[in-house]
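A short worksheet on the structure shown next.
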Amino acid sequence: MTHMISVRGLHVVGRRGDGGEVPIVRDVSLEARRGEVLALVGESGSGKTTIALALMGYARAGCRISGGAIAVAGHRVDQMDAGELRSFRGRTISYVAQNAGSAFNPALTLHQQVIEPALAHWVLPRRDAERRAIELFRAMALPHPETIGARYPHQLSGGQLQRLMAAMALITEPEVVVFDEPTTALDVTTQIEVLEAFRTVLVHRGITGIYVTHDLAVVAQVADRAVVLRHGAVCESGDTPEVLARPRTPYTRELVAACHLPVRPKGLDPAVDAASGTAPEPVLTLSDIVVGYGRVDANGLPAHRILDGIDLSVTRGRTLGIIGESGCGKSTLARASAGLQPPAAGTVRFRGETLAGRVARRTPEQRRRVQIVAQNADLVLNPAWTVGAILERVLRFFHNLRGAVARAEALRLLDIVQLPHAVFDRRPPELSGGQKQRVNFARALAARPELVLCDEITAALDPVVAAAILTLMSDLQETLGLSCIFITHDLHALRAVCDRVAVLLGGHVVEQCDAAALMRGAHHPYTRLLVSSVPEMRPGWLDEVVAQRSAAAAPFVPTAVGEGCPFVSRCVTRIAGVCERVRPPVVATADGGRIACHLPPGDLPVLAPGNSTIDA
Amino acid sequence: MGMSLAGAARRGAAFAARLAPGPRRALALLAFWFVIAIVGPLLAPHAPGEIVDRDVFAGFSARHWLGTDYLGRDLGSRLLWAVRYTVLICTLSTLLSCGFGIMLGIAATAMSVWVERVLGRLMDGLLSIPSLLFALLVIAAAGESVPALILTMGVIYMPGSYRTSRALALRIAQADYVMAALARGEGRIFVILREILPNMTGPLLSDIGLRFVYAVLLLSNLSFLGLGVQPPLVDLGSLVRENVLGMVYGAPAVVVPTIVLALLTVGLNFALDRQRP
Numbered sequence: 000m001t002h003m004i005s006v007r008g009l010h011v012v013g014r015r016g017d018g019g020e021v022p023i024v025r026d027v028s029l030e031a032r033r034g035e036v037l038a039l040v041g042e043s044g045s046g047k048t049t050i051a052l053a054l055m056g057y058a059r060a061g062c063r064i065s066g067g068a069i070a071v072a073g074h075r076v077d078q079m080d081a082g083e084l085r086s087f088r089g090r091t092i093s094y095v096a097q098n099a100g101s102a103f104n105p106a107l108t109l110h111q112q113v114i115e116p117a118l119a120h121w122v123l124p125r126r127d128a129e130r131r132a133i134e135l136f137r138a139m140a141l142p143h144p145e146t147i148g149a150r151y152p153h154q155l156s157g158g159q160l161q162r163l164m165a166a167m168a169l170i171t172e173p174e175v176v177v178f179d180e181p182t183t184a185l186d187v188t189t190q191i192e193v194l195e196a197f198r199t200v201l202v203h204r205g206i207t208g209i210y211v212t213h214d215l216a217v218v219a220q221v222a223d224r225a226v227v228l229r230h231g232a233v234c235e236s237g238d239t240p241e242v243l244a245r246p247r248t249p250y251t252r253e254l255v256a257a258c259h260l261p262v263r264p265k266g267l268d269p270a271v272d273a274a275s276g277t278a279p280e281p282v283l284t285l286s287d288i289v290v291g292y293g294r295v296d297a298n299g300l301p302a303h304r305i306l307d308g309i310d311l312s313v314t315r316g317r318t319l320g321i322i323g324e325s326g327c328g329k330s331t332l333a334r335a336s337a338g339l340q341p342p343a344a345g346t347v348r349f350r351g352e353t354l355a356g357r358v359a360r361r362t363p364e365q366r367r368r369v370q371i372v373a374q375n376a377d378l379v380l381n382p383a384w385t386v387g388a389i390l391e392r393v394l395r396f397f398h399n400l401r402g403a404v405a406r407a408e409a410l411r412l413l414d415i416v417q418l419p420h421a422v423f424d425r426r427p428p429e430l431s432g433g434q435k436q437r438v439n440f441a442r443a444l445a446a447r448p449e450l451v452l453c454d455e456i457t458a459a460l461d462p463v464v465a466a467a468i469l470t471l472m473s474d475l476q477e478t479l480g481l482s483c484i485f486i487t488h489d490l491h492a493l494r495a496v497c498d499r500v501a502v503l504l505g506g507h508v509v510e511q512c513d514a515a516a517l518m519r520g521a522h523h524p525y526t527r528l529l530v531s532s533v534p535e536m537r538p539g540w541l542d543e544v545v546a547q548r549s550a551a552a553a554p555f556v557p558t559a560v561g562e563g564c565p566f567v568s569r570c571v572t573r574i575a576g577v578c579e580r581v582r583p584p585v586v587a588t589a590d591g592g593r594i595a596c597h598l599p600p601g602d603l604p605v606l607a608p609g610n611s612t613i614d615a
Numbered sequence: 000m001g002m003s004l005a006g007a008a009r010r011g012a013a014f015a016a017r018l019a020p021g022p023r024r025a026l027a028l029l030a031f032w033f034v035i036a037i038v039g040p041l042l043a044p045h046a047p048g049e050i051v052d053r054d055v056f057a058g059f060s061a062r063h064w065l066g067t068d069y070l071g072r073d074l075g076s077r078l079l080w081a082v083r084y085t086v087l088i089c090t091l092s093t094l095l096s097c098g099f100g101i102m103l104g105i106a107a108t109a110m111s112v113w114v115e116r117v118l119g120r121l122m123d124g125l126l127s128i129p130s131l132l133f134a135l136l137v138i139a140a141a142g143e144s145v146p147a148l149i150l151t152m153g154v155i156y157m158p159g160s161y162r163t164s165r166a167l168a169l170r171i172a173q174a175d176y177v178m179a180a181l182a183r184g185e186g187r188i189f190v191i192l193r194e195i196l197p198n199m200t201g202p203l204l205s206d207i208g209l210r211f212v213y214a215v216l217l218l219s220n221l222s223f224l225g226l227g228v229q230p231p232l233v234d235l236g237s238l239v240r241e242n243v244l245g246m247v248y249g250a251p252a253v254v255v256p257t258i259v260l261a262l263l264t265v266g267l268n269f270a271l272d273r274q275r276p
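Same order as they appear, the protein sequences are chains Y and R. Counting in numbering that gives the first Met the number 0, the first sequence runs from 0 upward without gaps. Counting in numbering that gives the first Met the number 0, the second sequence runs from 0 upward without gaps.
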């Protein structure tokens with residue numbers, strides 16, 4: 000037995016509605032040695048999760064393992080009966096799911112759930128299992144390892160839950176652990192901690208890992224070998240550095256290219272301004288916007304603020320990028336601009352006209368000019384309508400186009416977003432994710448807007464599809480002269496389409512700068528953290544980052560919460576006694592940026608161009 | 000006219016094709032019962048009140064396919080009439096209860112919180128009264144007539160329909176596509192009719208089907224107790240009641256209406272229930 004995992008000629012089929020069968024996984028062979036981490040890479044629908052589940056002898060409802068030999072740790076998984084599988088799963092091989100938030104039972108404490116596999120398989124008596132759980136919590140670098148188990152899932156963050164889930168998978172000391180996109184739903188800053196925790200545990204315990212992901216940069220950090228999958232078949236496999244540096248097949252090359260989005264050419268913008276000789280004209284201006292909920296104080300301000308004193312403006316024909324972690328108020332910013340969430344204070348101005356906070360009070364013309372493209376095209380297109388009806392409705396509503404004229408215009412819009420005319424009569428559930436996002440975009444364009452608010456439009460898409468959408472957006476913006484607000488948590492996407500960037504943290508704008516300047520020069524400490532947290536497709540990157548961070552100071556819990564800097568608890572350069580009490584002043588930098596920090600501009604952390612290979 | 004009828008049929012077929020298999024089967028089954036309710040009495044060989052034989056509680060025979068009842072009337076003919084009244088009364092009362100229930104349910108989500116609170120308490124109050132007791136009270140007070148029956152049953156089943164449709168509408172009203180319509184500035188009526196309602200049809204049809212079944216059961220109960228449909232009219236429940244003496248002879252007069260009743264209710268239930276195609 001040379002290999003811990005050996006799969007030969009695996010076939011998985013799914014049942015169609017009419018009783019026929021479609022192949023989902025076709026003739027896949029792969030192997031992994033003991034202690035090795037093997038990455039299964041591919042976009043959604045490539046069969047990567049199906050293969051990972053087949054290793055556990057499991058096929059999802061409606062699917063069936065129809066052929067091939069699967070050997071894991073000397074067991075023939077494909078020949079096991081239900082009882083054998085039961086004692087095999089969770090004991091010899093265990094599973095870490097993508098969304099730990101929904102994988103834990105909210106009614107039980109974490110301890111009960113984490114030690115359950117050990118008790119169910121009679122591996123350890125309860126007391127020893129609890130001790131081992133605490134040991135694992137410590138190894139996973141979880142805060143308060145002795146007491147964290149007494150909490151309930153809703154009391155912890157996504158990154159913490161993901162590590163707890165890994166602890167649950169490891170409690171029986173299995174030979175193989177399957178990680179199914181465990182960091183996809185996490186912020187980049189959290190992802191680093193989780194990746195590092197996973198990697199340390201795997202290496203120290205000599206566990207063989209199967210790592211399912213679509214993110215090549217993550218693959219570069221955790222996997223020894225990678226298998227690239229497409230349409231359920233192996234496209235390419237080999238050692239990770241080899242696959243990433245010298246991809247052999249066109250598809251892998253495309254995947255690698257999608258991770259290196261071209262940075263938006265900066266050339267034309269200053270030239271245009273200089274030629275016209277006028278100051279850039281702001282289209283949308285937000286001043287001192289406060290949005291929140293809860294009790295309202297004497298000044299009419301809510302107790303819990305999602306956005307607090309936001310000052311931003313979008314220049315005509317430009318794209319303003321908003322970046323930040325989940326919960327920083329990015330989407331609320333878009334909703335407030337669109338009038339879907341009225342601000343408690345502050346004004347929204349469009350071309351000098353003050354817009355009402357509530358969309359119902361805005362004029363049709365004002366509504367037409369600002370269009371929002373929301374994140375989840377699945378939810379934002381009414382499944383009962385055809386694509387044609389969706390577009391024609393907007394054309395009729397804003398431009399009073401009907402009949403053949405509306406139809407022609409709707410088809411033209413489909414052309415613009417590069418969709419075939421056949422889509423016209425289909426309904427959204429029949430379309431792919433990328434197609435839906437294009438329809439979503441076409442609907443916004445149907446209004447002939449001046450400003451488009453794009454809220455995480457690529458977050459739910461595969462990298463290759465997302466790259467195509469970003470290119471489309473960039474092109475359209477240029478040809479139609481649109482202004483955009485582009486909200487994202489993905490720095491690559493941001494740099495591909497934006498002219499200017501605002502960094503949002505805890506409802507405050509901590510920095511504004513030109514997108515081109517994001518990777519160099521002086522920045523807010525939080526911006527620096529964000530930029531340096533974006534995984535690079537270079538093995539060894541994670542080690543460097545972890546080494547840098549562990550040298551820095553331990554996190555700090557502020558005593559006086561409120562007026563201070565939102566970053567104070569994580570900032571390594573904080574000034575004790577000042578940062579947690581006083582709101583930081585906004586300082587202008589040499590290259591036109593604005594930074595809200597107490598540090599004198601000379602002391603701000605500097606990102607050297609060589610520090611990052613994102614430009615490469 | 001012919002064109003628009005054909006168009007309507009085509010639209011109807013397209014609508015049915017998009018439905019989940021459960022409601023689609025149930026619709027087909029209901030259509031079958033409607034045909035019997037409409038056409039059946041026209042095919043009946045005898046008038047429902049006509050005494051045709053001196054032999055009471057007769058068994059199946061070539062002359063009277065389903066035998067005769069306690070007065071020697073032709074059971075087959077009476078059964079066809081009974082199906083007409085049961086289906087008719089229950090359909091009208093279901094239309095009434097679900098029509099108002101759905102309208103109020105959706106309105107409650109679109110209007111101010113106070114409308115919803117008042118409506119909700121009213122419906123809860125109605126829901127807390129046992130349905131049979133409520134029907135007995137109303138009919139004892141208002142007298143037994145078909146319109147009174149329809150109205151009473153309509154009121155009894157309205158709160159349930161209101162709750163289901165409100166719950167459905169509330170969920171859909173949170174959907175992002177409704178938000179998109181509001182951001183566009185669409186009116187309330189448009190949002191309700193075009194954005195929310197089309198996405199409720201599947202579950203709503205199941206709900207309407209179930210409420211029809213409940214109505215059939217309640218009407219049969221009432222008629223069995225002698226408070227429902229009164230002679231000379233006849234429905235399935237009263238057919239069972241008047242022939243209940245035939246039970247000891249195993250007469251078709253009591254067995255056949257019971258089976259038909261079961262076919263109607265259980266069949267519809269099954270059609271709605273089975274999730275798989």
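Note that beta-carbon positions come from the ideal geometry of N, C-alpha and C, so glycine has one too.
{"Item": "Beta-carbon proximity list for Y:GLU352, same chain, < 8 angstroms, skipping 5 on both sides", "Value": "GLN365"}
{"Item": "Listed by chain order, chain Y residues near R:ASP68 by CB distance under 7 angstroms", "Value": "Residues of chain Y passing the Cβ test: none, with the nearest at roughly 48 angstroms."}
{"Item": "Interface partners of R:LEU169 on chain Y, CB under 8 angstroms", "Value": "By Cβ distance, chain Y contributes nothing, its closest Cβ being about 16 angstroms from R:LEU169, past 8 angstroms."}
{"Item": "Candidates Y:GLU20, Y:GLU42, Y:SER93: closest to Y:SER65 by CA position", "Value": "Y:GLU20"}
{"Item": "R:GLY249: first and last residue of the uninterrupted alpha helix (DSSP H) it sits in", "Value": "Element bounds for R:GLY249: n/a, residue is neither H nor E."}
{"Item": "Cβ contact check for the segment 328-341 of chain Y and the segment 512-530 of chain Y: 3 or more pairs under 8 angstroms", "Value": "no"}
{"Item": "Boundaries (first-last residue) of the alpha helix (DSSP H) holding Y:HIS507", "Value": "No alpha helix (DSSP H) contains Y:HIS507, which is instead part of the beta strand (DSSP E) from 507-513."}
{"Item": "DSSP three-state assignment for Y:TYR250, whether helix, strand or coil", "Value": "helix"}
{"Item": "Where Y:ILE371 meets chain R, residues with beta-carbon distance less than 9 angstroms", "Value": "MET178, ALA179, ALA182"}
{"Item": "R:GLU194 in three-state terms, based on DSSP", "Value": "helix"}
{"Item": "R:ILE88 in three-state terms, based on DSSP", "Value": "helix"}
{"Item": "Proximity below 8 angstroms, CB of R:VAL228 to CB of R:VAL114", "Value": "no"}
{"Item": "Counted within 10 angstroms of its Cβ, other Cβ atoms place Y:ARG392 as buried (16 or more) or exposed", "Value": "buried"}
{"Item": "Residue from Y:GLN476, Y:VAL71, Y:ARG63, Y:GLU172 whose Cα sits closest to the Cα of Y:ARG90", "Value": "Y:GLU172"}
{"Item": "Nearest to Y:LEU29 (by Cα), restricted to the options Y:ALA132, Y:ARG125, Y:ILE209, Y:ASP127", "Value": "Y:ILE209"}
{"Item": "Residue burial classification, Y:THR346 (beta-carbon count within 10 angstroms, cutoff 16)", "Value": "exposed"}
{"Item": "Contact set between the segment 337-369 of chain Y and chain R, restricted to residues whose Cβ is under 8 angstroms from the partner", "Value": "ALA337, GLY338, LEU339, VAL358, ALA359, ARG361, PRO363, ARG366"}
{"Item": "Residue burial classification, Y:THR457 (beta-carbon count within 10 angstroms, cutoff 16)", "Value": "buried"}
{"Item": "Which residues DSSP lists as bridging Y:SER286, in chain order", "Value": "Y:THR346"}
{"Item": "CB contact check: R:PRO197 to chain Y, cutoff 8 angstroms", "Value": "yes"}
{"Item": "Residue-chain proximity (R:ALA19, chain Y), Cβ-Cβ < 8 angstroms", "Value": "no"}
{"Item": "For Y:ALA128, the three-state DSSP class (helix, strand or coil)", "Value": "helix"}
{"Item": "Rounded separation between R:ILE35 and R:VAL82 - CA only", "Value": "7 angstroms"}
{"Item": "Chain-order list of residues whose beta-carbon lies under 8 angstroms from that of R:TYR69 (same chain, five-residue window excluded)", "Value": "VAL55, PHE56, GLU241, ASN242, LEU244, GLY245, ALA252"}
{"Item": "Proximity below 8 angstroms, CB of Y:LEU319 to CB of Y:VAL313", "Value": "yes"}
{"Item": "Extent of the continuous beta strand (DSSP E) run through Y:GLU352", "Value": "352-354"}
{"Item": "Cβ-based neighbour list, Y:PRO599, same chain, cut-off 7 angstroms, excluding 5 preceding and 5 following", "Value": "none"}
{"Item": "The segment 507-524 of chain Y contacting the segment 575-593 of chain Y, beta-carbon criterion three pairs below 8 angstroms", "Value": "yes"}
{"Item": "Reference Y:ARG85, options Y:TYR57, Y:LEU107, Y:ALA99, closest by Cα", "Value": "Y:TYR57"}
{"Item": "Alpha-carbon to alpha-carbon, R:LEU18 and Y:TRP384", "Value": "14 angstroms"}
{"Item": "Residue burial classification, Y:MET55 (beta-carbon count within 10 angstroms, cutoff 16)", "Value": "buried"}
{"Item": "Whole-Å CB distance - Y:PRO22 paired with Y:PRO240, under 8 angstroms assumed", "Value": "Incorrect: roughly 32 angstroms between the Cβ atoms, too far for contact."}
{"Item": "Segment limits, alpha helix (DSSP H) that includes R:TYR213", "Value": "200-223"}
{"Item": "Partners in chain Y for R:ALA174, counting only beta-carbon separations shorter than 7 angstroms", "Value": "LEU378"}
{"Item": "Residues near R:THR93 by beta carbon distance below 6 angstroms, same chain, minus five either side", "Value": "ARG210, PHE211, ALA214"}
{"Item": "Test: Y:GLY609 CB closer than 8 angstroms to a CB of chain R", "Value": "Note that Y:GLY609 scores 44 on pLDDT, short of 50, meaning its location in the model is unreliable and no value can be drawn from it."}
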